[in-house]
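Participant: Handing you a structure now.
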């Protein structure tokens, strides 16, 4: 009887361990694990990888627009680019948190108002695909919404006679940012390449 109970416990522990390994592997393969946590809000590796791919695609197209001679002169370290992308994602989280606290339900309306200016012209959609390598819906979600939120924040702060850059500096310094990366560190105001 006791031996049977121990056998069942061993099986349960083994099954739970295997399930845990499968879950961790699934999260890793699909990039659903946290790369950073900003005031309790998670930035996933998938989101970071997506933003990095867009930035690299855009940067590659930018270099193609110049002569090959300029390619050698205008170089950028991929790791530095990634640190700037991660800094931008952290800033977006801080801006989102501030606007949600200040505007609540009005925020989506204001975003839609800002996005209405962008329009839906076929030429614009085609150019977005060529320049950024993204479809229109992804571009709106990843680029335009972030920019609209920055504009809304700047407008709100302007009414209070405050500069968005000053607010962002204070928000970054007071933010609780945790990075789960050996490659990067948070220095209190931006992501830097870890040494």
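Numbering (UniProt numbering), first residue to last: 1 to 195.
All residues carry an ideal CB built from backbone N, CA and C; glycine is no exception.
Here the structure is a predicted model, which means the values were calculated and not measured.
Would you mind sorting residue 108 into buried or exposed? The rule is 16 or more other CB atoms within 10 Å of its CB.
Facilitator: exposed
Participant: Could you compute how far the alpha carbon of residue 169 sits from the alpha carbon of residue 189?
Facilitator: 7 angstroms
Participant: Distance check for residue 112 and residue 187, CA to CA, integer angstroms please.
Facilitator: 34 angstroms
Participant: Could you pull out every residue in the same chain whose Cβ sits closer than 8 angstroms to the Cβ of residue 118, ignoring the five residues on either side in sequence?
Facilitator: 124, 140 and 144
Participant: For my contact list, residue 41 and residue 106 are in at a C-beta cut-off of 8 angstroms; report their separation, rounded to the angstrom.
Facilitator: Incorrect: roughly 20 angstroms between the Cβ atoms, too far for contact.
Participant: Roughly how many angstroms separate the alpha carbons of residue 154 and residue 164, rounded to a whole number?
Facilitator: 5 angstroms
Participant: For residue 82, which residues of its own chain have a beta-carbon under 7 angstroms away from its beta-carbon, when the five flanking residues on both sides are left out?
Facilitator: 52
Participant: Could you spell out the range, first to last residue, of the beta strand (DSSP E) harbouring residue 143?
Facilitator: Looking at the DSSP string, residue 143 is not in any beta strand (DSSP E), and its letter there is neither H nor E.
Participant: To the nearest angstrom, how far is it from the Cα of residue 135 to the Cα of residue 127?
Facilitator: 10 angstroms
Participant: Check whether the Cβ atoms of residue 86 and residue 191 sit closer than 8 angstroms, and answer yes or no.
Facilitator: Yes; because the gap between Cβ atoms is below 8 angstroms, this pair is in contact.
Participant: Give every residue of the same chain whose Cβ lies closer than 8 angstroms to the Cβ of residue 94, excluding the five residues on either side of it in the sequence, and list them in chain order.
Facilitator: 38, 39, 168, 171, 172 and 175
Participant: Who are the Cβ neighbours of residue 70 in its own chain at under 8 angstroms, not counting the five residues just before and after it?
Facilitator: Reliability fails at residue 70, whose pLDDT of 44 lies under 50, so the model's placement of it is uncertain and no value is given.
Participant: Report the three-state DSSP secondary structure of residue 158 (helix, strand or coil).
Facilitator: Correct three-state label for residue 158: helix.
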